[in-house]
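Residue numbers (the UniProt record's numbering): 1 to 345.
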């Protein structure tokens, strides 16, 4: 016996529509049938909204957020075309203030916002967000306004006191060079996960260290591919204060050290005594400056005093990339977690 979809209970139809695309849901919602319209008004369908690049326009986003999703949307992901990926005949349009206002006003219960490959050229002040926001991902964006800083988000409004995660992965200069940005980050007491990979260019390493040591609540910190001028002693000081830290990524950075062995000795001390909760460390492809000469020394020998910590850390030990992976006579190894682009927040 066949049963039409219109005869199914609302709960069954909701579960079916959860597997549909955003465009299919809108098509169903626009039907004349009251039953389908009633089903599409169920809040469960709009908890997570993922807008693909071909529909990332002001008009479409306003239609979704104002017409259907409000106030149910809790997770909003908007992906844009990068200029190099844009199909022929389409023009990449920068994200606008109106689009941001639609997000702010139409999603009062939004807890997670993900923006990918957006053009931020027109965004001088983009930090109007609902009180409920907890996680912000600004990934692979470009052309940020020079006057735009994370300080605006964290200091201009107490609304963001619930912010727990901030990730600006691969958004160069998204955090401005002004020290106020770092100061604002250090004043946020709910922020536990911070990803600044390929984002910042540190001009004052001493100020950066002082700001980071104030973030005592951090459990995840990614400063890979961007930090310049830090000393190995600075790393020791930071981890001395970040006692709750569980994951750290400082790969592809430049470290100032007196000699190559100095870095290894400092890290043995750090891992043995000053970072009791560390579970994940990524230190591959570090660049060192020693007496004015730049060289790459991502590997160091694991001797007996160091092995107990390696066992406790439970990281995988990979063969030295310079040597033959099948040559087990090489006792120079690299401490790497399973390969990834940045810390999994």
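We put the CB at the ideal spot given by N, CA and C, even for glycine.
Please read all numbers here as calculations on a predicted model, not as lab measurements.
Give the C-beta separation of residue 99 and residue 58 to the nearest angstrom, bearing in mind that I take them to be a contact with Cβ-Cβ under 8 Å.
In the chain shown, residue 99 corresponds to position 99, counting from 1. In the chain shown, residue 58 corresponds to position 58, counting from 1. With a beta-carbon spacing of about 5 Å, residue 99 and residue 58 fall inside the 8 Å limit used to define contacts.
Spatially closest choice to residue 120 from 138, 192, 233, 74, by CA coordinates:
The count along the chain shown starts at 1 and reaches residue 120 at position 120. With distances taken between Cα atoms, residue 120 lies closest to 138.
According to the Cβ coordinates, are residue 190 and residue 218 closer than 8 Å?
On the chain shown, position 190 is the one that residue 190 refers to. On the chain shown, position 218 is the one that residue 218 refers to. Against a cut-off of 8 Å, the Cβ pair of residue 218 and residue 190 comes out as no contact.
What are the boundary residues of the beta strand (DSSP E) that residue 245 is part of?
One-based indexing of the chain shown puts residue 245 at position 245. Going by DSSP, residue 245 is part of no beta strand (DSSP E) at all; its letter is neither H nor E.
By DSSP's criteria, residue 75 is part of a beta bridge. Which residues make up the other side?
As a working note, residue 75 is residue 75 in the chain shown. Residue 75 is bridged to 48, 112.
For residue 106, the first and last residue of its enclosing alpha helix (DSSP H):
Here residue 106 refers to the residue found at position 106 of the chain shown. Here the alpha helix (DSSP H) through residue 106 covers 97-106.
Let me know the secondary structure DSSP gives residue 195 once reduced to three states.
Taking the first residue of the chain shown as position 1, residue 195 is located at position 195. Correct three-state label for residue 195: strand.
Between residue 66 and residue 109, is the Cβ-Cβ spacing less than 8 Å?
Residue mapping note: residue 66 aligns to position 66 of the chain shown, counting from 1. Residue mapping note: residue 109 aligns to position 109 of the chain shown, counting from 1. For residue 66 and residue 109, no; Cβs fall outside 8 Å.
Quick one: Cα of residue 207 to Cα of residue 129, how far?
In the chain shown, counting from the first residue as 1, residue 207 sits at position 207. In the chain shown, counting from the first residue as 1, residue 129 sits at position 129. Their backbone Cα atoms lie some 29 Å apart in a straight line.
Residue 71 to residue 95 span [Cα, whole Å]:
Taking the first residue of the chain shown as position 1, residue 71 is located at position 71. Taking the first residue of the chain shown as position 1, residue 95 is located at position 95. So the two alpha carbons sit approximately 22 Å from each other.
Going straight from the alpha carbon of residue 198 to that of residue 221, what length do you get?
Start at 1 with the first residue of the chain shown, and residue 198 comes out as number 198. Start at 1 with the first residue of the chain shown, and residue 221 comes out as number 221. Near 13 Å, if we compare the C-alpha coordinates of residue 221 and residue 198.
CA-CA distance, residue 14 and residue 22?
Numbered from 1 along the chain shown, position 14 holds the residue referred to as residue 14. Numbered from 1 along the chain shown, position 22 holds the residue referred to as residue 22. Within the model, the alpha-carbon separation for residue 14 versus residue 22 is close to 13 Å.
Can you list, in chain order, the residues of its chain with a C-beta nearer than 7 Å to that of residue 211? Leave out the 5 residues immediately preceding and following it.
Position 211 of the chain shown, counted from the start, is the residue given in the question as residue 211. So the qualifying residues of the chain are 182, 183, 185, 186.
Short of 6 Å in beta carbon distance, which residues of its chain neighbour residue 77, apart from the five on each side in sequence? Order them along the chain.
As a first step, residue 77 must be located in the chain shown, where it is residue number 77. Cβ contact annotation for residue 77 (same chain, cutoff 6 Å, sequence separation greater than five): 50, 114, in chain order.
Starting from residue 223, follow the beta strand (DSSP E) in both directions and report where the run begins and ends.
Here residue 223 corresponds to residue number 223 of the chain shown, with the count starting at 1. Secondary structure note for residue 223: it is in no beta strand (DSSP E), with a DSSP letter that is neither H nor E.
Residue range of the beta strand (DSSP E) that includes residue 138
On the chain shown, position 138 is the one that residue 138 refers to. Per DSSP, the unbroken beta strand (DSSP E) holding residue 138 starts and ends at 135-139.
Do you know how far the Cα of residue 56 is from the Cα of residue 62?
For the purposes of this step, residue 62 is identified with residue 62 of the chain shown, where counting begins at 1. For the purposes of this step, residue 56 is identified with residue 56 of the chain shown, where counting begins at 1. Residue 62 and residue 56: Cα-Cα distance of roughly 10 Å.
How long is the line joining the alpha carbons of residue 171 and residue 107, rounded to whole angstroms?
For this step, residue 171 is matched to residue 171 along the chain shown. For this step, residue 107 is matched to residue 107 along the chain shown. Roughly 25 Å between the two C-alpha positions.
Helix, strand or coil at residue 129 according to DSSP, with G and I counted as helix
The residue you call residue 129 lines up with position 129 of the chain shown. Three-state result, residue 129: coil.
If you drop the 5 nearest sequence neighbours on each side, which residues of the same chain put their C-beta closer than 7 Å to that of residue 53?
Reading the chain shown from its first residue, position 53 is the one you call residue 53. Within the same chain, and ignoring the five residues on either side of residue 53 in sequence, the residues whose Cβ sits closer than 7 Å to its Cβ are 79, 80, 81.
According to DSSP, simplified to helix, strand and coil, what is residue 20?
Counting from one through the chain shown, the residue named residue 20 turns up at place 20. Three-state result, residue 20: coil.
Only counting the same chain, and skipping five residues up and downstream in sequence, which positions put a Cβ closer than 7 Å to that of residue 311?
Translated into positions along the chain shown, residue 311 becomes position 311. Unreliable placement is indicated for residue 311, whose pLDDT of 47 sits below 50; no coordinate value is reported for it.
List the endpoints of the continuous alpha helix (DSSP H) containing residue 59.
To locate residue 59, count along the chain shown from 1; it is residue 59. 58-64 is the span of the alpha helix (DSSP H), which, as asked, contains residue 59.
Just to confirm the assignment, what range does the beta strand (DSSP E) spanning residue 166 have?
In the chain shown, counting from the first residue as 1, residue 166 sits at position 166. Annotation for residue 166: the continuous beta strand (DSSP E) segment containing it runs 165-167.
By how many angstroms is the C-alpha of residue 48 removed from the C-alpha of residue 69?
Sequence index remark: in the chain shown, residue 69 carries index 69 (1-based). Sequence index remark: in the chain shown, residue 48 carries index 48 (1-based). Within the model, the alpha-carbon separation for residue 69 versus residue 48 is close to 9 Å.
Under the three-state reduction of DSSP, which class applies to residue 81: helix, strand or coil?
Within the chain shown, the letter at position 81 stands for residue 81. Here residue 81 sits in coil by DSSP.
If residue 168 and residue 196 are in contact, beta carbons under 8 Å, what's the gap, nearest whole angstrom?
Taking the chain shown and counting its residues from 1, the one referred to as residue 168 is at position 168. Taking the chain shown and counting its residues from 1, the one referred to as residue 196 is at position 196. The pair is a contact, with the Cβ atoms about 6 Å apart (cut-off 8 Å).
Rounded separation between residue 143 and residue 64 - CA only:
Position 143 of the chain shown holds residue 143. Position 64 of the chain shown holds residue 64. The straight-line gap separating the alpha-carbon atoms of residue 143 and residue 64 is approximately 26 Å.
Mind checking residue 249: buried by the 16 CB within 10 Å criterion, or exposed?
Position 249 of the chain shown, counting from 1, holds the residue named residue 249. Buried, since its Cβ has 16 or more Cβ neighbours within 10 Å.
CB-CB under 7 Å to residue 241, same chain, minus the five flanking residues each way: which ones, in chain order?
Residue numbering aside, residue 241 sits at position 241 when the chain shown is read from its first letter. Around residue 241: 213, 216.
Length of the line joining the Cα atoms of residue 239 and residue 46:
By one-based count along the chain shown, residue 239 stands at place 239. By one-based count along the chain shown, residue 46 stands at place 46. Answer to the nearest angstrom: the Cα atoms are 41 Å apart.
Looking at residue 74 and residue 20, is the spacing between their C-beta atoms short of 8 Å?
Taking the first residue of the chain shown as position 1, residue 20 is located at position 20. Taking the first residue of the chain shown as position 1, residue 74 is located at position 74. No; because the gap between Cβ atoms is not below 8 Å, this pair is not in contact.
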